[in-house]
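> The listed protein sequences derive, respectively, from chains A, B, C and D.
Using the working numbering, you'd call the opening residue of the first sequence number 107 and step up by one each time.
Using the working numbering, you'd call the opening residue of the second sequence number 107 and step up by one each time.
Using the working numbering, you'd call the opening residue of the third sequence number 107 and step up by one each time.
Using the working numbering, you'd call the opening residue of the fourth sequence number 107 and step up by one each time.
Number of protein chains: 4
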Amino acid sequence: MAQKTDTRSSILQATLELIAEKGFHGSPTSMIADRAGISVGTIYCHFKTKDELIHALHEELEGKRRTVILKGYSEDLPFGERYFHLCRNTYHYLMENPLEFRFMEQYSYSPYGVCNLRQKLDSYVEPFHALFKLGIEQQIIKKLPLMLLFDLTFGPMINAIMDHNLGLLTLEEALIEEAIGATWDAVRR
Amino acid sequence: MAQKTDTRSSILQATLELIAEKGFHGSPTSMIADRAGISVGTIYCHFKTKDELIHALHEELEGKRRTVILKGYSEDLPFGERYFHLCRNTYHYLMENPLEFRFMEQYSYSPYGVCNLRQKLDSYVEPFHALFKLGIEQQIIKKLPLMLLFDLTFGPMINAIMDHNLGLLTLEEALIEEAIGATWDAVRR
Amino acid sequence: MAQKTDTRSSILQATLELIAEKGFHGSPTSMIADRAGISVGTIYCHFKTKDELIHALHEELEGKRRTVILKGYSEDLPFGERYFHLCRNTYHYLMENPLEFRFMEQYSYSPYGVCNLRQKLDSYVEPFHALFKLGIEQQIIKKLPLMLLFDLTFGPMINAIMDHNLGLLTLEEALIEEAIGATWDAVRR
Amino acid sequence: MAQKTDTRSSILQATLELIAEKGFHGSPTSMIADRAGISVGTIYCHFKTKDELIHALHEELEGKRRTVILKGYSEDLPFGERYFHLCRNTYHYLMENPLEFRFMEQYSYSPYGVCNLRQKLDSYVEPFHALFKLGIEQQIIKKLPLMLLFDLTFGPMINAIMDHNLGLLTLEEALIEEAIGATWDAVRR
DNA sequence: AATGAATGAGCTTTCATTCAT
DNA sequence: CATGAATGAAAGCTCATTCAT
Chain A
107 MAQKTDTRSS ILQATLELIA EKGFHGSPTS MIADRAGISV GTIYCHFKTK
157 DELIHALHEE LEGKRRTVIL KGYSEDLPFG ERYFHLCRNT YHYLMENPLE
207 FRFMEQYSYS PYGVCNLRQK LDSYVEPFHA LFKLGIEQQI IKKLPLMLLF
257 DLTFGPMINA IMDHNLGLLT LEEALIEEAI GATWDAVRR
Chain B
107 MAQKTDTRSS ILQATLELIA EKGFHGSPTS MIADRAGISV GTIYCHFKTK
157 DELIHALHEE LEGKRRTVIL KGYSEDLPFG ERYFHLCRNT YHYLMENPLE
207 FRFMEQYSYS PYGVCNLRQK LDSYVEPFHA LFKLGIEQQI IKKLPLMLLF
257 DLTFGPMINA IMDHNLGLLT LEEALIEEAI GATWDAVRR
Chain C
107 MAQKTDTRSS ILQATLELIA EKGFHGSPTS MIADRAGISV GTIYCHFKTK
157 DELIHALHEE LEGKRRTVIL KGYSEDLPFG ERYFHLCRNT YHYLMENPLE
207 FRFMEQYSYS PYGVCNLRQK LDSYVEPFHA LFKLGIEQQI IKKLPLMLLF
257 DLTFGPMINA IMDHNLGLLT LEEALIEEAI GATWDAVRR
Chain D
107 MAQKTDTRSS ILQATLELIA EKGFHGSPTS MIADRAGISV GTIYCHFKTK
157 DELIHALHEE LEGKRRTVIL KGYSEDLPFG ERYFHLCRNT YHYLMENPLE
207 FRFMEQYSYS PYGVCNLRQK LDSYVEPFHA LFKLGIEQQI IKKLPLMLLF
257 DLTFGPMINA IMDHNLGLLT LEEALIEEAI GATWDAVRR
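Structure below.
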C-alpha cells in the first residue's frame, strides 16, 4: 500500500528527471524503469500508456504549482503589490524547481501540450485574470487584450529564467524585482 | 548543378513543412523524401545525417531572417523609432512565415537547439545589441543586463505571435504597435 | 471446501465464456480473473499454468458431453434408430451449448488440441464404435475404415452447426432429421 | 526487381511453413524473417502489418486453389461424374499441399477467417453451386439447403484429410473414391 | 548524383507467472 | 487459500542509415 504509492512516485520522479534532462525521445520506458529502480512492466501497472504517464506527471506538477504561486496572496494588498507578489512567487517557484521548469518547456512545445507554456502558467491562476480585469476597470492597467497582458508578464519571466538556467543571466533577488518592475511598466498605464 | 541546388532546396522545403506540421518525430526521412519528390537515399547525398539536415535548415532560416529584419533600418532614425522599426520588422517576418516560426519553436525546445528561441532572434541581429548599449549610455534605456532587455522585448513578442497563431489573439497592425509600445515602456527609463 | 469448488468452477466458467467469445489470445489470465471475480494469483492456486487450466476445462466439458449424448440410449432400439438417437442427442447438445461448441472449435484447431474436433466427439462415445462395428458385421453399414465412418457422420454435423451459429443455415428439428438421414445414407449400405 | 519478387515470395513461403507448423502465435515476425533469410524490417517493406501478410498469403493460396480444383472440369460430363470430378480434384489438391491445408485450417478458425474452412472451399468454386442447383431441379439431388449440401460434401472430406495427415487413416485412391461415393449417397436422392 | 530494398537496433506494450503479505 | 504489485521475456513495429545498382 505504501508500496504502491512509493512505486508510482518513483516512476513519476524518474520521468521528470529524464525528460528534463533528455527530452521525451531520449527517455524510453526502459530508461525510466531503470532510473526508478523497477522493471519496465511495472510502469504499466500504474499507467496505461507512456502518454498517460506523461500527462499524469503534468497534472501533478500543475496542481503543485498552483498552490505555491498563491502562497501568501491576499486581495487586501494594494494593487501593484498584488502583481509583484504573484510574479515573485512564480519566479521563485520556477527557479527552485528547474526540473519542473524544463519539463514544462518540453511538454508545452510538444504534441502533448496543446497550447503553450505561458498559458500553462496562468490557466490555473485566476488571480491574475481577476487582477488584470480589475486593473483595466480602474484604469491602472493598459486597455489591452488579457492575452497580451499575460504575454507581457510571463514572456519575459520565462525567458529570463531560461537564460538564468543556461548561465546567461544571474537572477538575484534584486534583479528579479527589477524584472518584475519592468513588466509592471509594460502593463500599467 | 542547378539540379543539385533544386534537389537540396526541395529537401529543405519538405523538411520545413513537415516539421512545422508534425514535429520532428512525425517527420521520418521517408516522409521527407516523399514530399520532396525524391527517394530516401538522395537525402544522404546532400546531408550526412538527418540531424545535419535539420541543422542546415536552421542555419538557412537564420540567415534569411537576419536580412529581413534589418530591412529599411538606419542608424539615422531617432532612438525610439529604431526600436520600433526592428520590432515591427520582426513581428511582420514571424507572422508572415508561420512555418518558419513553428519550426524555430520546435527546434529551440529540443535537443537540437542548445539555447532558446529568444536567443535565436537576437543572436545575429547586432543592431539590437548596439541599440540597447547606446540606450543605456544615454540613459534612455533601463540599466539592466542586455539579456534581460532582450527577454523584455522578445518574450512578449514570441508569446503574442504564438497566441495569434493559435487563434487566441488577433494581432492587427494597431495592436502590434501597442504591444511594441508596452515592451518599450518595459525597457525604457 | 465448498469455497474451493466454487472458486474453481467460477474460473472454469469465466475461461469458457472468454475463450468462446474472444479466443485464446483475447483471454489473458488477468481478464479471466476479473470475470471470475477473483484475483490473478488465485488462478494459480487451482491450476499450475494457464495451459493446465485450459486442458482441465476441456476435460470437464468432454466428460459432461459424454453423459448427455448417451441420454436415453439403449441397445434395444432397432439399428437405424440407434444411429439417429446418438446423432440427435449430439446435435441438440452442441446447439444448446454454443459456448462449449465454440470453445471446442478453438481448442481443436490450436496447438492445445493435438487431434481434431471430430475425434473429440467420438473418442469417449464408444457406442458409436460399437454401432459401426456391428453394422459392418451385419452388412448394414458400408465396409469402410471406422475413421471414415466417423468423418461421414460428424463432419457434416459440425459444419452444419457452425453454419447455424453463423446464421447461414437454420437448423430446425425437421432439417436436423434430414441431415441425419443424409449421413445415414452416406454410411449405410 | 527480381529481387523484390523473390523476397516477397520467400516471406510468404516462410510464413506458410511456420504457421502450418506452429500456428499464428508460434510464428513471430522474427522467426518468419529468420526462416526467409531476411531481417525483420524487410517484412514491413512488403507488408504493412503482420495481419496484412497473413491475409495476403491467404488470398494467394485461395486463387491458386481455385484454378487447380477446376482443372479438367467440363459441364459436358454426366451429372454424377461432374460431382466426382470436382471432389477428386479437391481431395488431390488438399492432400498434395498439406502446408496449405494446415494453414487454411488455422486461418479459418481464427479471428482472421470470419467464416469456416468449408466455406473457403466452395466460396470461389461456383461450379459446385451450379451443380447442386441443377441437381435439385432435375431431382437428382436431395431438396436441402445449399449450405447443408456443402456440409455433407466438404465436412467428411476435410475431416478425412485431417485424419490422413494425422496418420489415423490412409487415403489411397480407392478409398478416396469410396469416400466420394459415400457423400454422393448423402446428397443424391 | 540518384535510387529504394534491405537492415537491425530500439521502441512501446503485453501477459503468464511469482511471491511477500 | 487468496491477494495483486511486480516481473521481464518477448512481441509487433518504426525508421535512420547503407549500398549495390
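We put the beta carbon where it would ideally sit given N, CA and C, even for glycine.
None of the values given here were measured: they were computed from a predicted structure.
Quick one: using the 10 Å Cβ neighbour count with 16 as the cut-off for buried, is Thr173 (chain C) buried or exposed?
In the third sequence, the residue the question calls residue 173 (chain C) occupies position 67. By the neighbour-count rule (16 or more Cβ atoms within 10 Å), Thr173 (chain C) is not buried but exposed.
> Under DSSP, the alpha helix (DSSP H) around His131 (chain B) begins and ends at which residues?
For the purposes of this step, residue 131 (chain B) is taken as the residue at position 25 of the second sequence. Counting along the chain, His131 (chain B) falls outside any alpha helix (DSSP H), and DSSP gives it neither H nor E.
> What are the partner residues of Arg294 (chain C), as DSSP defines its beta bridges?
Reading the third sequence from its first residue, position 188 is the one you call residue 294 (chain C). In the DSSP output, where bridge partners are listed per residue, Arg294 (chain C) has C:Ile247.
> Hey, could you find the ends of the alpha helix (DSSP H) Gly147 (chain D) is sitting in?
Walking along the fourth sequence from the start, residue 147 (chain D) turns up at place 41. Element bounds for Gly147 (chain D): Val146 to His152.
> Go ahead and label Gly241 (chain B) buried or exposed: buried means 16 or more other beta carbons lie within 10 angstroms of its beta carbon, across all protein chains shown.
Position 135 of the second sequence, counted from the start, is the residue given in the question as residue 241 (chain B). So Gly241 (chain B) counts as buried.
> Can you list, in chain order, the residues of its chain with a C-beta nearer than 6 Å to that of Asp269 (chain B)? Leave out the 5 residues immediately preceding and following it.
Within the second sequence, numbered from 1, the residue matching residue 269 (chain B) stands at position 163. Cβ within range, chain order: Leu275.
> Exposed or buried, what is Glu211 (chain C) when buried is set at 16 or more other beta-carbons lying within 10 Å of its beta-carbon?
Here residue 211 (chain C) corresponds to residue number 105 of the third sequence, with the count starting at 1. Glu211 (chain C) should be labelled buried.
> Measuring CA to CA, which of C:His164, C:Leu250 and C:Gly186 is closest to Glu283 (chain C)?
What you label residue 283 (chain C) is simply residue 177 of the third sequence in a count that begins at 1. Checked all of C:His164, C:Leu250 and C:Gly186; the closest Cα to Glu283 (chain C) is C:Gly186.
> Less than 8 Å between CB atoms is the rule here; does Thr148 (chain D) satisfy it with respect to chain C?
Position 42 of the fourth sequence, counted from the first residue, corresponds to residue 148 (chain D). Chain C, which has no Cβ nearer than 8 Å to the Cβ of Thr148 (chain D), makes this no.
> Going by alpha carbons, who is nearest to Thr196 (chain D) out of D:Gln244, D:Phe153, D:Tyr179 and D:Pro134?
Position 90 of the fourth sequence, counted from the start, is the residue given in the question as residue 196 (chain D). The shortest Cα separation from Thr196 (chain D) among D:Gln244, D:Phe153, D:Tyr179 and D:Pro134 belongs to D:Tyr179.
> Checking contacts by CB at 8 Å: is Ala78 (chain D) closer than that to chain C?
The requested residue 78 (chain D) is not part of the displayed model; chain D covers only 107 to 295.
> Using only alpha-carbon positions, find the residue among D:Ala236, D:Ile246 and D:Arg171 that is nearest to Glu202 (chain D).
In the fourth sequence, counting from the first residue as 1, residue 202 (chain D) sits at position 96. The shortest C-alpha separation from Glu202 (chain D) is found at D:Arg171.
> For Asp257 (chain C), is the classification buried or exposed, using 16 other Cβ atoms within 10 angstroms of its Cβ as the cut-off for buried?
Locating residue 257 (chain C) in the third sequence gives position 151, where the first residue counts as 1. Buried: at least 16 other Cβ atoms inside 10 Å.
> Going by DSSP, what residue range makes up the alpha helix (DSSP H) through Thr155 (chain C)?
Position 49 of the third sequence holds residue 155 (chain C). Element bounds for Thr155 (chain C): n/a, residue is neither H nor E.
> Just curious, the alpha helix (DSSP H) that Ser214 (chain D) is in, first and last residue?
Position 108 of the fourth sequence, counting from 1, holds the residue named residue 214 (chain D). Pro204 to Ser214 is the span of the alpha helix (DSSP H), which, as asked, contains Ser214 (chain D).
> Determine the extent of the alpha helix (DSSP H) in which Gly261 (chain A) is found, giving its start and end residues.
For the purposes of this step, residue 261 (chain A) is taken as the residue at position 155 of the first sequence. Leu252 to Asn271 is the extent of the alpha helix (DSSP H) around Gly261 (chain A).
> Check whether the segment 120–129 of chain D touches the segment 284–295 of chain C, counting contact only when three or more Cβ pairs, one atom from each stretch, lie closer than 8 Å.
No, the segment 120–129 of chain D is not in contact with the segment 284–295 of chain C.
> Given Ser133 (chain A), which residues of its chain have a CB within under 6 Å of its CB, disregarding the five upstream and five downstream residues?
Against the first sequence, residue 133 (chain A) aligns to sequence position 27. Contacts found: Leu124 and Ile125.
> Taking Gly261 (chain D) as the query, report the chain C residues whose CB atoms sit under 7 Å from its CB, ordered along the chain.
What you label residue 261 (chain D) is simply residue 155 of the fourth sequence in a count that begins at 1. Within chain C, the residues near Gly261 (chain D) are Gly261, Pro262, Ile264 and Asn265.
> Note down, in chain order, each residue of its chain lying with its Cβ closer than 8 Å to the Cβ of Ile160 (chain C), except the 5 sequence neighbours on either side.
One-based indexing of the third sequence puts residue 160 (chain C) at position 54. Hits under 8 Å: Thr121, Ile125, Phe130, Tyr213 and Tyr218.
> Contact check, Asn265 (chain B) vs Pro204 (chain B) under 8 Å by CB: the rounded distance?
Reading the second sequence from its first residue, position 159 is the one you call residue 265 (chain B). Reading the second sequence from its first residue, position 98 is the one you call residue 204 (chain B). In fact, because the Cβ distance is near 15 Å, the residues do not count as touching under 8 Å.
> Please return the same chain residues whose Cβ sits closer than 7 Å to the Cβ of Arg114 (chain B), not counting the five positions on each side in sequence.
Translated into the one-based positions of the second sequence, residue 114 (chain B) becomes position 8. Answer for Arg114 (chain B): His152, listed in chain order.
> Mapping DSSP to helix, strand and coil, what is Glu283 (chain A)?
Working through the first sequence from its first residue, we reach residue 283 (chain A) at position 177. Correct three-state label for Glu283 (chain A): helix.
> Should Thr259 (chain A) go down as buried or exposed, given a rule of 16 or more other Cβ atoms within 10 Å for buried?
Locating residue 259 (chain A) in the first sequence gives position 153, counting from the first residue. Thr259 (chain A) should be labelled buried.
> Can you tell me the Cβ-Cβ gap for Ile267 (chain C) and Leu167 (chain C), rounded? I've got them flagged as a contact below 8 Å.
Sequence index remark: in the third sequence, residue 267 (chain C) carries index 161 (1-based). Sequence index remark: in the third sequence, residue 167 (chain C) carries index 61 (1-based). So it is not a contact: roughly 15 Å between Cβ atoms.
> Figure out for me which residue from B:Glu279, B:Met253 and B:Lys248 has the closest Cα to the Cα of Ala292 (chain B).
By one-based count along the second sequence, residue 292 (chain B) stands at place 186. Considering only alpha carbons, the answer is B:Lys248.
> With 16 as the cutoff for other CB atoms within 10 Å, does Arg208 (chain C) come out buried or exposed?
Your numbering for residue 208 (chain C) matches position 102 in the third sequence. It is buried - the Cβ of Arg208 (chain C) has at least 16 other Cβ atoms within 10 Å.
> Is there a Cβ from chain B that is less than 8 Å from the Cβ of Ala108 (chain A)?
Taking the first sequence and counting its residues from 1, the one referred to as residue 108 (chain A) is at position 2. Here the model assigns Ala108 (chain A) a pLDDT of 47, short of 50, so the residue's position is not dependable, and the following value carries that caveat. Cβ-Cβ to chain B under 8 Å: no for Ala108 (chain A).
> From the DSSP output, in three-state form, read off Asp140 (chain C) for me.
Translated into the one-based positions of the third sequence, residue 140 (chain C) becomes position 34. Helix.
> Distance check for Phe190 (chain A) and His235 (chain B), CA to CA, integer angstroms please.
Within the second sequence, residue 235 (chain B) is the residue found at index 129, counting from 1. Within the first sequence, residue 190 (chain A) is the residue found at index 84, counting from 1. Each residue's Cα considered, the two are about 28 Å apart.
> How many Å lie between Ile246 (chain C) and Arg295 (chain C) at the Cα?
Walking along the third sequence from the start, residue 246 (chain C) turns up at place 140. Walking along the third sequence from the start, residue 295 (chain C) turns up at place 189. Each residue's alpha carbon lies about 6 Å from the other.
> Between His164 (chain D) and Thr135 (chain A), what straight-line distance do the alpha-carbon atoms span, to the nearest angstrom?
Locating residue 164 (chain D) in the fourth sequence gives position 58, counting from the first residue. Locating residue 135 (chain A) in the first sequence gives position 29, counting from the first residue. Each residue's Cα considered, the two are about 37 Å apart.
> Compare the C-beta of Pro217 (chain D) with all C-beta atoms of chain C and state if any pair is closer than 8 Å.
Translated into positions along the fourth sequence, residue 217 (chain D) becomes position 111. Cβ-Cβ to chain C under 8 Å: yes for Pro217 (chain D).
> Straight-line CA distance for Ile175 (chain C) to Glu206 (chain C)?
In the third sequence, the residue the question calls residue 175 (chain C) occupies position 69. In the third sequence, the residue the question calls residue 206 (chain C) occupies position 100. Roughly 14 Å separates the two Cα atoms.
> Does DSSP put His198 (chain D) in a helix, in a strand, or in coil?
Working through the fourth sequence from its first residue, we reach residue 198 (chain D) at position 92. Of the three classes helix, strand and coil, the one that applies to His198 (chain D) here is helix, per DSSP.
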